[in-house]
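Visitor:
Number of protein chains: 2
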Amino acid sequence: VKICLAQLNYRIGDFAGNQQKILTAIQEARLAGAELIVFSELAICGYPPEDLLDYDWFIDACENAVAEISTQAQGITVVIGGIQRNPGKGRKLFNTAFVIQEGKVQVQHKTLLPTYDVFNELRYFEPANHYRLFEIGDIKFGVLICEDLWESFNDFTYSESALKELKKLQPDLLLNPAASPFHAGKDEVRIQVLTHAAEYLGVPVLNVNQLGAHTELIFDGSSIAVDVHGNLPCRMPDFKEALVYLDYQSRQIALSHPEKHLYQQTDGIDELYRALLFGIQEYFDKMGFRKAVLGSSGGIDSAVVQALATAALGAENVCALLMPSAFSSEGSVNDALLLSKNLRNVHHIIPIENGYEAIQQMLVSHFAGTVFGVAEENLQARIRGILLMAWSNKFGDILLNTSNKSEMAVGYSTLYGDMCGGLSVLGDVYKTRVYELAEHINRVQGNVIPVEILTKAPSAELRPGQKDIDSLPPYDVLDPLLTGYIEQRKSKRALIAAGFDADMVERIVNLVNRNEYKRFQAPPILRVSPKSFGGGRRMPLVARYD
Amino acid sequence: VKICLAQLNYRIGDFAGNQQKILTAIQEARLAGAELIVFSELAICGYPPEDLLDYDWFIDACENAVAEISTQAQGITVVIGGIQRNPGKGRKLFNTAFVIQEGKVQVQHKTLLPTYDVFNELRYFEPANHYRLFEIGDIKFGVLICEDLWESFNDFTYSESALKELKKLQPDLLLNPAASPFHAGKDEVRIQVLTHAAEYLGVPVLNVNQLGAHTELIFDGSSIAVDVHGNLPCRMPDFKEALVYLDYQSRQIALSHPEKHLYQQTDGIDELYRALLFGIQEYFDKMGFRKAVLGSSGGIDSAVVQALATAALGAENVCALLMPSAFSSEGSVNDALLLSKNLRNVHHIIPIENGYEAIQQMLVSHFAGTVFGVAEENLQARIRGILLMAWSNKFGDILLNTSNKSEMAVGYSTLYGDMCGGLSVLGDVYKTRVYELAEHINRVQGNVIPVEILTKAPSAELRPGQKDIDSLPPYDVLDPLLTGYIEQRKSKRALIAAGFDADMVERIVNLVNRNEYKRFQAPPILRVSPKSFGGGRRMPLVARYD
Chain A
1 VKICLAQLNY
11 RIGDFAGNQQ
21 KILTAIQEAR
31 LAGAELIVFS
41 ELAICGYPPE
51 DLLDYDWFID
61 ACENAVAEIS
71 TQAQGITVVI
81 GGIQRNPGKG
91 RKLFNTAFVI
101 QEGKVQVQHK
111 TLLPTYDVFN
121 ELRYFEPANH
131 YRLFEIGDIK
141 FGVLICEDLW
151 ESFNDFTYSE
161 SALKELKKLQ
171 PDLLLNPAAS
181 PFHAGKDEVR
191 IQVLTHAAEY
201 LGVPVLNVNQ
211 LGAHTELIFD
221 GSSIAVDVHG
231 NLPCRMPDFK
241 EALVYLDYQS
251 RQIALSHPEK
261 HLYQQTDGID
271 ELYRALLFGI
281 QEYFDKMGFR
291 KAVLGSSGGI
301 DSAVVQALAT
311 AALGAENVCA
321 LLMPSAFSSE
331 GSVNDALLLS
341 KNLRNVHHII
351 PIENGYEAIQ
361 QMLVSHFAGT
371 VFGVAEENLQ
381 ARIRGILLMA
391 WSNKFGDILL
401 NTSNKSEMAV
411 GYSTLYGDMC
421 GGLSVLGDVY
431 KTRVYELAEH
441 INRVQGNVIP
451 VEILTKAPSA
461 ELRPGQKDID
471 SLPPYDVLDP
481 LLTGYIEQRK
491 SKRALIAAGF
501 DADMVERIVN
511 LVNRNEYKRF
521 QAPPILRVSP
531 KSFGGGRRMP
541 LVARYD
Chain B
547 VKICLAQLNY
557 RIGDFAGNQQ
567 KILTAIQEAR
577 LAGAELIVFS
587 ELAICGYPPE
597 DLLDYDWFID
607 ACENAVAEIS
617 TQAQGITVVI
627 GGIQRNPGKG
637 RKLFNTAFVI
647 QEGKVQVQHK
657 TLLPTYDVFN
667 ELRYFEPANH
677 YRLFEIGDIK
687 FGVLICEDLW
697 ESFNDFTYSE
707 SALKELKKLQ
717 PDLLLNPAAS
727 PFHAGKDEVR
737 IQVLTHAAEY
747 LGVPVLNVNQ
757 LGAHTELIFD
767 GSSIAVDVHG
777 NLPCRMPDFK
787 EALVYLDYQS
797 RQIALSHPEK
807 HLYQQTDGID
817 ELYRALLFGI
827 QEYFDKMGFR
837 KAVLGSSGGI
847 DSAVVQALAT
857 AALGAENVCA
867 LLMPSAFSSE
877 GSVNDALLLS
887 KNLRNVHHII
897 PIENGYEAIQ
907 QMLVSHFAGT
917 VFGVAEENLQ
927 ARIRGILLMA
937 WSNKFGDILL
947 NTSNKSEMAV
957 GYSTLYGDMC
967 GGLSVLGDVY
977 KTRVYELAEH
987 INRVQGNVIP
997 VEILTKAPSA
1007 ELRPGQKDID
1017 SLPPYDVLDP
1027 LLTGYIEQRK
1037 SKRALIAAGF
1047 DADMVERIVN
1057 LVNRNEYKRF
1067 QAPPILRVSP
1077 KSFGGGRRMP
1087 LVARYD
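Here the protein sequences line up with chains A and B, keeping their order. Here the first sequence is numbered in the working numbering, starting from 1 and rising by one per residue. Here the second sequence is numbered in the working numbering, starting from 547 and rising by one per residue.
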């Protein structure tokens, strides 16, 4: 039996567009001789639809799309993710795999409903209470959706087991429509999860993951087929749509066209680089935007964002505003100019001095007797924010935020200043990793980032001679500490036991905790780690803890 | 048996402070002759702790507090909400009621774990799998936590039933520690829920609700005891701590001191008024802030926020900045001045003209050939935002946001401009309700809001002669339409069927959808309705739907 794995990019809520794409793939697969085509989880409506699921019209549209696909899909079995209403007690909906055969629609609901980090599925869905196999020729296949295979791969073990239920039915093959978001290193975990399922059931497992980015979440595709021996006869490309054909016979699977195999092994920094490019492209494409603007300070963060945006959107679609103040070094302006020249971006220099002076004058009588401090530092960052947003409003360019995860963590950023933006590109990338990205960019884009930007000491340049290191530990100490507290959720005591200086732990952890209020109002952040700021990390703002 | 209901205000994560407050109440209750004292859900750590529950030190601290309370509470039975680790499969924690008697600790876990709107309990907790009764003298009492009584009072019906399990055990009394957040009209639903439980079990139900506001959520207290006939022998005050004593005998309950009964029936607008005052007070108190600043435009929204803040924080702790532009009418400035005078608030006039001109000049060559538009309108709002934030940074005053729910819904607000602020006071109050609040304020505070502010046509005053009604339907049409779409989750078709003009429905619904990106970066909003913007309404930002 020839099987098509359809790794496609959907838009949340775009039923007409998604349906068209699905029907086109079905037609192509049928023409290629496939008898079965598998789409990803919630392909019909896109994942995650969040509270659109509370609207009846949204569920009606899902149902209509399933009906339409079942009418049009003849001569091929279609397995596709969507939504079904729950007529019984419990949550109102099921997260459902529809199995469509010659106009007949059968279903398998999802059992394990991830509700942690960025996932909220128990907010909407009732778990499955029934398991079954489906037939194609003499093959009996089961369908378990995404998390159903992850029963023991989180920091807790589910009490239900869909795999155990399915094993009782003795399938010949397992299909696994999924919507599993990217983070660095996720592929390895997925391979473990799928291999576990294949070995447990003694059958091949075909995983089809969603492609596409939705707000914070990047779905990388990277769908995988695993055979009973834990081999990977099929690895689909990441960040790219693809239809791949497999031949199944007697619990063995093989690529129909090995020569077209598109997967390429890449190292971690290249994967991160391509994930961020894809995240930027998807945000602009799906929001209907074309051009980006950003503040170019001559520092490493804005340089990396500018180079990423240029690679993602094209040099002609990126505009850099250089907005020096009295505290900006001449070097910074020159470095920023050289960067824009290297990247061939439109750029403009708008010194902020006049605006800064005018607004200071408006406040001078009120601030009389006070000394230059945070208010004046932030004023500069906020004037830059105003200029960038005025530019965005006037020309329709979307402002890219350039804050990195280290400064988002400790609050070394100005709310409504450098925290402005429609999308945060580096908000989940620690500063040390930003440097690695810069070096990678210079390798693949050809030394576009001037060496001075890579080598000078990081500074916000908001007062004379300011350096990050005056008030923060060096980033090669800070970032592991932050990783311990944020990603690994270690206590202060555990961090000190791990060798970090006790005073530093106290000070940094308190900075992280105290700055929840800033992150509450941060732009959406492209998520590339297992624990990003945003919807996946919900800390109380009004609280007293340390 | 004399029973003390302890309706107290906790801080999330403040184990030392909460424990001290709990032990003091236990001591007082024991001295008053009580044999049983009941605290609210998660009293030990405060509700909702959110992802602090992912930190081991947090759970350790909960356990230590329970151990400490059990050591100190002699001669009285203590029922108190906290956290217990789950040693088995499933989520790592239980939401637990601890029953402490002479050093012995027994538990009842929570079964129905609300995971909708602002609730995320299935993110952390495994449901109860065991039910039991506890004894005090010859009374056998059960404990079910908050949502456990709500099995049929949401827009879905839970498939589990803690009440059914408890009924099998034939209790004499039911205790219901709760953390049920306020919204207008919530009291009536709670009475239905408790009455249902009392009638179903044939026993009195004693509910103890958390008091206090945490970020967006306001817990009003308003604890209630219901007898088997559905009477309410005890209603505790709202927005206030209290210990109330009841006498229980043979399934009958009565207040020990009826003369001290503190509950006062109030009408809806007064309840809303007091909820907002309490929300402001709690935010400032729990964050350790004292003084507020806000932009006073002479419009109704800022007038109402200023009057609320004055009542909540004291006239001396509220500072109004009047920041007229060339488009501000003379009337607006005079109205704002009179308001500050009436409220006895410090106020300053800072015309924005010079800053606006300076920043326009910085952009003039770039914007050459374009006409005055959204960029210039927003520039004014953002200069005001900058001034307010500079004030906040300089003097430590916290900026109160003055946007109302109607404009938050349709996006008639400037991101990083009038959307700035540490706390949004009116972000869950529609414009028509803001007028009712203004009238109420004038009744209870004595005509502090000038009549001109109440009667003039709403305007953002960002261009000459601008009026809200030029681009929006009148608020008495808009607000019911928004309520239909947001609170009642009606489709466009249903709204048209309900009598709204089809073009208007199309335009307004699309405005609401298109402006998710602004609300993504909004300040925390005091929640006073069943469906507020913020954590309780999660709509995808990158999506295509209408």
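Here a beta-carbon is modelled for each residue, glycine too, at the ideal position from N, C-alpha and C.
When you compare the stretch 15 to 31 of chain A with the stretch 116 to 131 of chain A, are there three or more beta-carbon pairs, one atom per stretch, that lie closer than 8 Å?
Guide: no
Visitor: Assess, as a yes-or-no matter, whether the stretch 674 to 686 of chain B is touched by the stretch 648 to 665 of chain B under the definition of 3 or more beta carbon pairs within less than 8 Å.
Guide: yes
Visitor: For the stretch 573 to 583 of chain B against the stretch 855 to 872 of chain B, are there 3 or more C-beta pairs whose distance is under 8 Å?
Guide: no
Visitor: Could you give the C-beta distance for Gly81 of chain A and Phe125 of chain A, rounded to a whole number, given that I count them as a contact under 8 Å?
Guide: Rounded, the Cβ-Cβ distance is 12 Å, inconsistent with contact.
Visitor: Between A:Met236, A:Phe278, A:Tyr273, which has its C-alpha nearest Glu259 of chain A's C-alpha?
Guide: A:Met236
Visitor: Using the three-state DSSP reduction, which class does Pro480 of chain A fall into: helix, strand or coil?
Guide: helix
Visitor: DSSP puts Leu867 of chain B in a beta bridge; with which residues?
Guide: B:Gly841, B:His894
Visitor: So, Ile449 of chain A versus Val346 of chain A, is the Cβ gap smaller than 9 Å?
Guide: no
Visitor: Report the three-state DSSP secondary structure of Tyr517 of chain A (helix, strand or coil).
Guide: Here Tyr517 of chain A sits in helix by DSSP.
Visitor: If we define contact as Cβ-Cβ less than 9 Å, is Gln654 of chain B a contact residue for chain A?
Guide: no
Visitor: Is the stretch 706 to 726 of chain B in contact with the stretch 756 to 772 of chain B, if contact means three or more CB pairs nearer than 8 Å?
Guide: yes
Visitor: Indicate the three-state DSSP secondary structure (helix, strand or coil) for Ala522 of chain A in the structure shown.
Guide: coil
Visitor: Please go through the same chain and pick out, in chain order, the residues whose beta-carbon is closer than 7 Å to the beta-carbon of Val749 of chain B, but skip the five residues on each side of it.
Guide: The answer, listed in chain order, is Pro717, Asp718, Leu719, Leu720, Val774, Arg797.
Visitor: Enumerated in chain order, which unbroken segments of the beta strand (DSSP E) with a length of 3 residues or greater are wholly contained in the stretch 646 to 679 of chain B?
Guide: 650 to 655
Visitor: Identify every residue that forms a DSSP beta bridge with Arg1083 of chain B.
Guide: For Arg1083 of chain B, the beta-bridge partners assigned by DSSP are B:Gly1080.
Visitor: Just checking my contact of Glu581 of chain B with Ile622 of chain B at CB under 8 Å: how many whole Å lie between their CB atoms?
Guide: 6 Å
Visitor: Nearest CA to the CA of Gly688 of chain B: which residue from B:Glu1062, B:Asp974, B:Val645?
Guide: B:Val645
Visitor: Does DSSP classify Cys591 of chain B as helix, strand or coil?
Guide: coil
Visitor: At a CB-CB cut-off below 9 Å, which residues of chain A make contact with Leu933 of chain B?
Guide: Ile359, Met362, Leu363
Visitor: What does Ser705 of chain B reach in chain A if we use C-beta pairs closer than 8 Å?
Guide: Gly88, Lys89, Gly90, Glu126
Visitor: Would you say Gly825 of chain B and Asn555 of chain B are within 9 Å of each other, going by their C-beta atoms?
Guide: no
Visitor: What in chain B is Cβ-close to Ala375 of chain A, meaning under 9 Å?
Guide: Met935, Ala936, Trp937, Ser938, Asn939, Lys940, Phe941
Visitor: Using the three-state DSSP reduction, which class does Lys167 of chain A fall into: helix, strand or coil?
Guide: helix
Visitor: Per DSSP, Arg85 of chain A is paired with what?
Guide: A:Leu93
Visitor: So the beta strand (DSSP E) Asp220 of chain A belongs to, where does it begin and stop?
Guide: Start and end: 217 to 220.
Visitor: Taking the alpha-carbon of Gln852 of chain B as reference, which of B:Ile898, B:Ser1075, B:Leu885 has the nearest alpha-carbon?
Guide: B:Leu885
Visitor: Do you know whose CA, among A:Leu426, A:Trp391, A:Glu407, A:Leu387, lies nearest Asn401 of chain A's CA?
Guide: Nearest of A:Leu426, A:Trp391, A:Glu407, A:Leu387 to Asn401 of chain A, Cα basis: A:Leu426.
Visitor: Is it buried or exposed for Ala458 of chain A, if we count other Cβ within 10 angstroms and need 16 for buried?
Guide: It should be noted that the sequence gives Pro, not Ala, for residue 458 of chain A. Buried.
Visitor: Whose Cβ in chain A lies nearer than 8 Å to the Cβ of Glu596 of chain B?
Guide: Arg538, Met539, Pro540
Visitor: What residues from chain B crowd round Arg544 of chain A, counting only those whose CB sits closer than 8 Å?
Guide: Residues of chain B whose Cβ lies closer than 8 Å to the Cβ of Arg544 of chain A are, in chain order, Arg557, Ile558, Gly559, Asp560, Gly563, Lys832.
Visitor: If distances are taken between C-alpha atoms only, which option among B:Thr978, B:Glu985, B:Arg930 comes closest to Ser959 of chain B?
Guide: B:Arg930
Visitor: Does any CB atom of chain A fall closer than 9 Å to the CB of Ser1037 of chain B?
Guide: yes
Visitor: Verify the CB distance criterion: does Gln20 of chain A have a CB-CB separation below 9 Å to chain B?
Guide: no
Visitor: Would you verify that the beta carbon of Pro233 of chain A is, or is not, closer than 9 Å to some beta carbon of chain B?
Guide: No, Pro233 of chain A does not count as interfacial toward chain B.
Visitor: Closer than 8 Å between beta carbons: that is the criterion. Which residues of the stretch 746 to 776 of chain B meet it against chain A?
Guide: Considering only beta carbons, the part of the stretch 746 to 776 of chain B lying closer than 8 Å to chain A consists of Ala759, His760, Thr761, in chain order.
Visitor: Can you find a CB in chain A that lies within less than 9 Å of the CB of Glu953 of chain B?
Guide: For Glu953 of chain B, no Cβ of chain A is located within less than 9 Å of the residue's own Cβ.
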